[in-house]
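Residue numbers (the UniProt record's numbering): 1 to 352. For reference, the structure is listed below as structure tokens.
This is the structure in structure tokens:
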């Protein structure tokens, strides 16, 4: 019996593309809805190539989640069994400069998506949330799910994620025929082992690993390290890095376990911490030379340590992150060397 169709908003983006590939390999038909604001239509072609000729269909619709008529059309045409919702804006710094746009897209777009789901009778949703909902001063490390939402969320970006979690919980509370899973990621890095899909930020990278990868290819002269006097082993911040393929497989585990009448939250992380200097060292080993960095003053709002407690996902979803930080570095480097300028974009996207 063929598996059902899954609609993936933001499916051409970094995490969305890796999840789409794992869905195809698992036998699901996939419909990507993406406005390509932070991605490329070249991703769709590469996903088809990676999935192979025996894979189910992959449909692509270039549309914005704020475009309700486009969403209604997509649901009517493809009748998805469930939705995985990645689409949204994600730059913390930008969100502080332009909070209204972040609320408009991340919260308003999610409302439009839920309305379209209601109209189409689609009742299952997996939401791409974030560890940012735990705020800037988590009291426990590693962090358990019950600490969210935090009153100390620092950025409008993090607040939009918390707002969407709230509205999804309220939606489930109002309708026992709806099921939602909230996935709170920690720090996804890496790329597909083929080197064909990976993180391709537009402009200056906001995250450590893509910036470090650009230093490795000498696109940028050095990595700025913000602070080296934290109360950690080497004075730099510690983060829970997670391979993007493990993260993608976490979405499949959540999809399989999704139950109607329930809104459940899960951390997706390894539970292990890696400092900024440790990551630079591992990436330098991978590249084969010392990557330059400069110590700069601490940034306001940076937390010394963020680690997930992933035990709930392990126990209830049967999901475990297997890949090492070294593998994350190796796969990032392969992606970067094969695609020094990211994806090549030609022509306009269209529905097919």
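For glycine and all other residues, C-beta sits at the position ideal for the given N, C-alpha and C.
- Beyond the five residues adjoining it in sequence on each side, residue 197 comes within less than 8 angstroms, by CB distance, of 17, 18, 21, 43, 46, 47, 50, 191 and 335 in the same chain, given in chain order.
- Taking each of 75, 52 and 55 in turn and checking the Cα distance to residue 61, the smallest one comes out for 75.
- Per the DSSP secondary-structure output, residue 218 pairs with nothing in a beta bridge.
- The continuous beta strand (DSSP E) containing residue 241 extends over residues 241-243.
- A direct Cα-Cα distance of roughly 6 angstroms separates residue 25 from residue 55.
- Burial check for residue 140: the Cβ neighbour count within 10 Å stays below 16, so the residue is exposed.
- Within the DSSP secondary-structure output, residue 179 pairs in a beta bridge with 124.
- A direct Cα-to-Cα measurement between residue 69 and residue 142 gives close to 43 angstroms.
- Per DSSP, the unbroken beta strand (DSSP E) holding residue 59 starts and ends at 58-62.
- Burial state of residue 279 is buried, judged by a 10 Å Cβ sphere holding 16 or more other Cβ atoms.
- The beta carbon of residue 206 is closer than 6 angstroms to those of 91 in its chain, skipping five residues each way along the sequence.
- Apart from the 5 residues on each side of it in sequence, residue 323 sits with its Cβ closer than 6 angstroms to the Cβ of 243 and 246 in its chain, given in chain order.
- Cβ atoms of residue 81 and residue 113 stay farther apart than 8 angstroms, at about 15 angstroms.
- Nearest C-alpha to residue 64 among 77, 99, 29 and 12: 12.
- When DSSP states are grouped into helix, strand and coil, residue 231 belongs to the coil group.
- Counted as a single uninterrupted DSSP element, the alpha helix (DSSP H) harbouring residue 160 occupies residues 156-174.
- In the DSSP assignment, residue 75 falls within the unbroken alpha helix (DSSP H) covering 68-78.
- Distance from the CA atom of residue 14 to the CA atom of residue 210, rounded to whole angstroms, is 11 angstroms.
- When the alpha-carbon of residue 264 is set against those of 325, 290 and 255, the nearest one is in 255.
- When the alpha-carbon of residue 78 is set against those of 260, 252, 89 and 59, the nearest one is in 59.
- Checking the DSSP bridge columns, you'll see residue 8 partnered with 32 and 84.
- In this structure, residue 96 and residue 156 form a Cβ contact; the two beta carbons are roughly 6 angstroms apart against a cut-off of 8 angstroms.
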